[in-house]
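If you want the working numbering, it's the position in the sequence shown, counting the first as 1, plus 3.
C-beta: ideal position from N, C-alpha, C; glycine also.
Heads up: the structure comes next, in structure tokens.
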Amino acid sequence: EMEGRLIPATRVGADYYDYFGLGPREQGPGTGVCIADVSGHGVGGALLAFATRSCLRAQANGSKNPAEVLQNVNQILFNDLIQSEQFVSLFYAHYFPKERELFYSNAGHNPPMFYDKKNNNITYLQPTGPLLGPAPNSKYETDSINFHKGDILVIYSDGIVESANEKYDFYGEELLQKIILASVNKSPKEITALILDDVLKFSTSESQYQDDKTIVVIRQNG
């Protein structure tokens with residue numbers, strides 16, 4: 004089960020999330036999952052987010068693994084990103100429900116949090132390569148995790164953990180982890196809503212919408 008939600012900082016956001024069916028794979032039917040954060044805001048950032056989405060979807064249609072997809076996307080977008088002095092952090096994964104396995108590549112994005120129900124703990128899916136944009140020949144690696152019943156993956160943008168209160172304290176990974184651990188028996192839709200509500204309550208009115216806030220939650224139900 005999967006749920007995604009985005010709260011833009013302005014009328015036009017530069018974050019995006021996406022999930023879509025993959026073409027034929029040895030592992031059987033699969034789903035591509037992505038969350039990205041383009042530096043900057045407004046129309047310029049939104050256009051680059053749209054270009055990134057289109058490029059990634061086009062590259063994902065082949066039999067490439069996530070690392071190869073990101074390497075190709077980075078090379079294609081390099082000129083647009085370097086000329087605009089922008090960059091993209093991006094987490095991209097292939098999830099195969101039959102094998103309960105998720106292959107991922109993380110281009111400098113906030114490490115998603117993976118809740119392991121059996122051990123009742125959370126681990127972080129660290130970056131496997133640099134941000135998209137600064138260098139055209141950047142290399143990326145593919146890593147993987149296996150899901151078991153009740154396991155949860157929370158993917159998010161920096162607008163979640165960098166939301167600040169009146170003391171200029173960040174919401175941070177610790178509070179996010181606390182909400183996840185308190186919500187492990189809830190649906191992805193409920194977890195997403197609880198996290199966003201908690202972040203907005205923590206933030207001051209001035210800082211609430213300074214950055215886009217994006218979350219995708221995946222839960223293994225069977």
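Sequence-distant residues of its chain with Cβ nearer than 8 Å to residue i (five each side left out)
i    : result
I125 : M116, F117, Y118, D119, Q180, I183 and L184
Y22  : M5, G7, T34, G35, V36, C37 and V219
S210 : For S210, the predicted model reports a pLDDT of 48, less than 50, meaning its position is unreliable; a value from the coordinates is still stated below. Hits under 8 Å: S166, A167 and N168.
P32  : G24, L25, F99, P100 and K101
Beta-carbon proximity check, residue i vs residue j, cutoff 9 Å
i    : j    : result
F90  : S108 : no
V202 : Y171 : no
S186 : E177 : no
N68  : H97  : yes
S166 : Q213 : yes
A61  : T131 : no
L135 : V76  : yes
S66  : R28  : yes
Delimiting residues of the alpha helix (DSSP H) encompassing residue i
i    : result
E193 : P191 to F205
K181 : G175 to L184
Cβ-based neighbour list, residue i, same chain, cut-off 6 Å, excluding 5 preceding and 5 following
i    : result
A39  : Y19, T55, V91 and L93
A52  : A17, Y19 and V41
P11  : D215
G48  : A17 and V41
I155 : Y118 and R222
G226 : Examination of residue 226 is not possible in this model, given that the chain is present from 4 through 225 alone.
Buried versus exposed call for residue i [16 or more other C-beta atoms within 10 Å across all chains shown]
i    : result
T195 : buried
T207 : exposed
D215 : buried
N224 : exposed
G7   : buried
F99  : buried
A138 : exposed
G111 : buried
Q86  : exposed
V157 : buried
P191 : buried
F46  : Just to set this straight, residue 46 is Val in the shown sequence, not Phe. When all chains shown are included, V46 counts as exposed.
The beta strand (DSSP E) enclosing residue i, as first and last residue numbers
i    : result
D161 : Note, D161: premise wrong, no beta strand (DSSP E); alpha helix (DSSP H) at D161 to V164.
K142 : Note, K142: premise wrong, no beta strand (DSSP E); not H, not E.
F150 : Where F150 is concerned, there is no enclosing beta strand (DSSP E), given that its DSSP letter is neither H nor E.
Own chain, CB closer than 7 Å to residue i, minus 5 neighbours either side, in chain order
i    : result
N113 : Y159, S160, D161 and V164
L59  : C37, V72, V76 and Y95
I79  : C58
* **beta strand (DSSP E) runs wholly inside the region 60-129, at least 3 long, in chain order** => 91-99, 104-110, 116-119 and 124-127
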